[in-house]
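Notes follow the structure.
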Ligand SMILES: Cc1cc2nc3c(=O)[nH]c(=O)nc-3n(C[C@H](O)[C@H](O)[C@H](O)COP(=O)(O)OP(=O)(O)OC[C@H]3O[C@@H](n4cnc5c(N)ncnc54)[C@H](O)[C@@H]3O)c2cc1C
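Residue numbers (this note's numbering): 3 to 536.
Right, dumping it as structure tokens:
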């Protein structure tokens, strides 16, 4: 038995080494009487800018927990700790006629592959893009304006998927044993151990490529395999069951396929839809990305300079309630704005930041949720077409050269194009073009952003829009489709052996939720089938 202590508060200026003493004091014990302790959660309470505090939940083991609990029964912050156990089933008895195939090496495919490999199923992971080390120079050359967009290697495609150059925030609405298992896997593959308990863990875009590579090495060491430059092109279905995959590298026998293609593989969506895979329209997020000087955000959140040194670049979360809510999304403190495109002649943005958060820019998506009845058609892929339409407009505004349309935020609010002879500040490296951003999103979304921005600005007493620019559109906040799957078997109804997972299938909205979704489908394969003999 262990105890959980919640609401342990320490000033951010106090060193964490003081924590054991605080725990002992709270339990009215001497320090040696606390046998073991660990942090379960750590969050920042920034409500009082003159007294920022870390708030901890900890787990402790003592010689006699029941006695301690009885003695402190009036203290509502101390309770028995009952960990949720991880569902790690015995392998099933049915025989697999071919090794499980994972399509896509983003977080969903990666964690499905990792779990299968650890359980002895020697998965084959196929990935349309290249290994992460080969992706990096392609992206750098694009950003420096030394190369054009590449269809198969970009910020979205290639080893690690969109996750590899994401911001690496590991926040997720879910909690529980599956989330903890995924976080532990990230730690095993090179993530900081504190991601296990931080309230808003962040790995940083500079660390993710190394973590993806470490996952691959472990999967390969366990008998799994990767095939890069291998794009799924069509399905071989026989009598309602998966039989194989036609890929850009040839035919692969495949009776059990974890499909983790992400939400930007529009060509693959089209192929799957034509093959009769059932899709539903789904609400998705879209909007613009705001950039402000990071120092302005730090000043707003911390007030005092020494907090900046102690806590690093400040982030924010904002919601402007209105007829339609406008909310901040994927805020990247000390980060850079990047292109988030998978198809040629399209343009949209996103953001990332390194673990040091060391650029002078803060950037954040400002999003609205668009409902299926606003897509303008009943076709299951209408949301994808809508994205394409507006991304094509943005590409034209960006001089057909992947430059980002940009506007002062205050000009956008009043519908004024920012003066064309002024270069506006932005971290978007490839270059920007002053433009009227109202063309890059549906009118209802523009209207809602215009209504929401002044509300956010008022909350920051005029500092939110000060020196702020907008770029966009931001279109890839979430998937505009969902692929049908059975709740229990996690397979497509009527297609045995097809397990759609992650963001592209419409069941996740970030790194951790995608990873957990992949893990859960891999687990169903394990529950049903025996591992392949070597
Ligand atoms: C710039 C940016 C920043 C982000 N920041 C964060 C963040 O800080 N925190 C967070 O939680 N989320 C963030 N996200 C979102 C997060 O990256 C995604 O939610 C997550 O990567 C989805 O995982 P996935 O595995 O479902 O799909 P993806 O990561 O999109 O992976 C899909 C993979 O499938 C491959 N593929 C596609 N089609 C085929 C095919 N036909 N054949 C073979 N392979 C194929 C692709 O190449 C890709 O590697 C960010 C996204 C971006 C773009």
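Note that beta-carbon positions come from the ideal geometry of N, C-alpha and C, so glycine has one too.
Are the CB atoms of residue i and residue j nearer to each other than 9 Å?
i           : j           : result
residue 308 : residue 20  : no
residue 414 : residue 451 : yes
residue 184 : residue 290 : no
residue 266 : residue 159 : yes
residue 533 : residue 116 : no
residue 437 : residue 261 : no
residue 343 : residue 157 : yes
residue 130 : residue 268 : no
residue 247 : residue 127 : no
residue 5   : residue 81  : yes
residue 484 : residue 283 : yes
residue 170 : residue 205 : yes
residue 351 : residue 474 : yes
residue 501 : residue 444 : no
residue 109 : residue 353 : no
residue 98  : residue 226 : no
residue 2   : residue 441 : No answer is possible for residue 2: it lies beyond the span of the chain, which begins at 3 and ends at 536.
residue 144 : residue 362 : no
residue 517 : residue 187 : yes
residue 457 : residue 173 : no
residue 298 : residue 468 : yes
residue 320 : residue 465 : no
residue 453 : residue 288 : no
Tell me the rounded alpha-carbon separation between residue i and residue j.
i           : j           : result
residue 70  : residue 88  : 28 Å
residue 336 : residue 94  : 48 Å
residue 270 : residue 524 : 21 Å
residue 412 : residue 459 : 10 Å
residue 360 : residue 531 : 48 Å
residue 368 : residue 325 : 15 Å
residue 348 : residue 477 : 11 Å
residue 193 : residue 209 : 8 Å
residue 394 : residue 301 : 38 Å
residue 141 : residue 510 : 25 Å
residue 463 : residue 203 : 29 Å
residue 199 : residue 238 : 44 Å
residue 389 : residue 373 : 13 Å
residue 479 : residue 345 : 16 Å
residue 409 : residue 355 : 22 Å
residue 163 : residue 449 : 33 Å
residue 228 : residue 281 : 28 Å
residue 161 : residue 83  : 39 Å
residue 240 : residue 492 : 19 Å
residue 175 : residue 423 : 44 Å
residue 292 : residue 3   : 48 Å
residue 105 : residue 250 : 13 Å
According to DSSP, simplified to helix, strand and coil, what is residue i?
i           : result
residue 245 : strand
residue 196 : helix
residue 232 : coil
residue 39  : strand
residue 203 : coil
residue 318 : coil
residue 1   : Within the shown structure, residues of the chain are numbered from 3 to 536, placing residue 1 beyond reach of any answer.
residue 284 : coil
residue 547 : Because the chain here runs from 3 to 536, residue 547 falls outside it and cannot be looked at.
residue 523 : helix
residue 238 : strand
residue 125 : coil
residue 81  : strand
residue 174 : coil
Taking the alpha carbon of residue i as the reference point, which residue from the options has its own alpha carbon closest?
i           : options            : result
residue 472 : 313, 488, 455, 140 : 455
residue 497 : 157, 274, 166, 216 : 274
residue 148 : 433, 204, 467, 73  : 433
residue 252 : 222, 264, 263, 235 : 235
residue 111 : 18, 402, 522, 79   : 522
residue 304 : 191, 48, 215, 27   : 48
residue 9   : 79, 35, 61         : 79
residue 211 : 449, 167, 172      : 167
residue 17  : 517, 470, 313      : 313
residue 537 : 7, 293, 240        : No answer is possible for residue 537: the residues shown for the chain start at 3 and end at 536.
residue 381 : 276, 85, 56, 428   : 276
residue 429 : 272, 306, 58, 339  : 339
residue 125 : 101, 139, 242, 133 : 101
residue 33  : 39, 178, 22        : 22
residue 217 : 139, 74, 134       : 134
Do residue i and ligand 3 come close, with the Cβ less than 8 Å from some heavy atom?
i           : result
residue 176 : No copy of ligand 3 appears in this structure; the ligands present are ligand 1.
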